[in-house]
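Trainee:
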Amino acid sequence: MKEPFFTSDSIWGYQPTTGHTAGTDLTGYKVEATDGSIGKVDKHSDDVNSAYLVVDTGVWIFGKHVLLPAGTVTTVDQAERKIYVDLTKEQIKDSPEFDKDKHVGDVRYHEQVGSYYQNHRGI
Numbered sequence: 002m003k004e005p006f007f008t009s010d011s012i013w014g015y016q017p018t019t020g021h022t023a024g025t026d027l028t029g030y031k032v033e034a035t036d037g038s039i040g041k042v043d044k045h046s047d048d049v050n051s052a053y054l055v056v057d058t059g060v061w062i063f064g065k066h067v068l069l070p071a072g073t074v075t076t077v078d079q080a081e082r083k084i085y086v087d088l089t090k091e092q093i094k095d096s097p098e099f100d101k102d103k104h105v106g107d108v109r110y111h112e113q114v115g116s117y118y119q120n121h122r123g124i
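First residue of the sequence shown: 2, per my numbering; consecutive thereafter.
1) Comparing C-alpha positions only, which one of Arg82, Ala71, Ser116, Gln92 sits nearest to serine 46?
2) What span of residues does the beta strand (DSSP E) with aspartate 43 cover, start to end?
3) In whole angstroms, what is the alpha-carbon distance linking phenylalanine 6 and lysine 83?
4) By DSSP, does valine 60 sit in helix, in strand, or in coil?
5) DSSP puts valine 108 in a beta bridge; with which residues?
6) Spatial neighbours of phenylalanine 99 within its chain, please: C-beta separation below 7 Å, excluding the five flanking residues on both sides.
7) Count the other CB atoms within 10 Å of the CB of lysine 41; is the residue buried (16 or more) or exposed (fewer)?
8) Using CA coordinates, which residue listed in Ser38, Gly14, Val105 is at the minimum distance from isoleucine 93?
9) Helix, strand or coil for aspartate 87, going by three-state DSSP, please let me know.
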């Protein structure tokens, strides 16, 4: 396994090399794992120390929504409207499920998600 490109301090922030510009609306962008497409961005946040994507996985994992910390993003391709993350489909499938009615602004949920992605690195 390779080492993660993000640290605990940066998991909730976009890396400067991703090509993301704060304020850009990412809603509807396709999200690509290292081994294929996983869905589309349903919602996102550029909040400092709390930036993330909420991805609607559609039928791939039966309509599950997942929260991906911005630190998992490797590239934002504005022209193609695609976001690439340094995670496999299985890692995303096994992540804690996101429930917009329970998890928005929930510090414990953010800690759980952050810990999950720090412990499940790209292969």
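Here a beta-carbon is modelled for each residue, glycine too, at the ideal position from N, C-alpha and C.
Keep in mind that this is a model prediction, so the values were computed, not measured.
Mentor: The structure says:
1) Within the sequence shown, the letter at position 45 stands for residue 46. Here the closest residue by C-alpha is Ala71.
2) Residue numbering aside, residue 43 sits at position 42 when the sequence shown is read from its first letter. Residues 37-46.
3) Locating residue 6 in the sequence shown gives position 5, counting from the first residue. Locating residue 83 in the sequence shown gives position 82, counting from the first residue. Confidence is the limiting factor: at phenylalanine 6 the pLDDT is only 41, short of 50, which leaves the residue's position unreliable, though a coordinate-based value still follows. Approximately 20 Å between the Cα atoms of the pair.
4) Taking the sequence shown and counting its residues from 1, one reaches residue 60 at position 59. Of the three classes helix, strand and coil, the one that applies to valine 60 here is helix, per DSSP.
5) Here the question's residue 108 lines up with position 107 in the sequence shown. According to DSSP, valine 108 bridges with nothing at all.
6) By 1-based counting over the sequence shown, the position of residue 99 is 98. Taken in chain order, the residues that qualify are Val55, His66, Val67, Leu68.
7) Counting from one through the sequence shown, the residue named residue 41 turns up at place 40. With 16 or more other Cβ atoms within 10 Å, it is buried.
8) Counting from one through the sequence shown, the residue named residue 93 turns up at place 92. Among Ser38, Gly14, Val105, the Cα nearest to that of isoleucine 93 belongs to Ser38.
9) What you label residue 87 is simply residue 86 of the sequence shown in a count that begins at 1. If DSSP states are grouped into helix, strand and coil, aspartate 87 belongs with coil.
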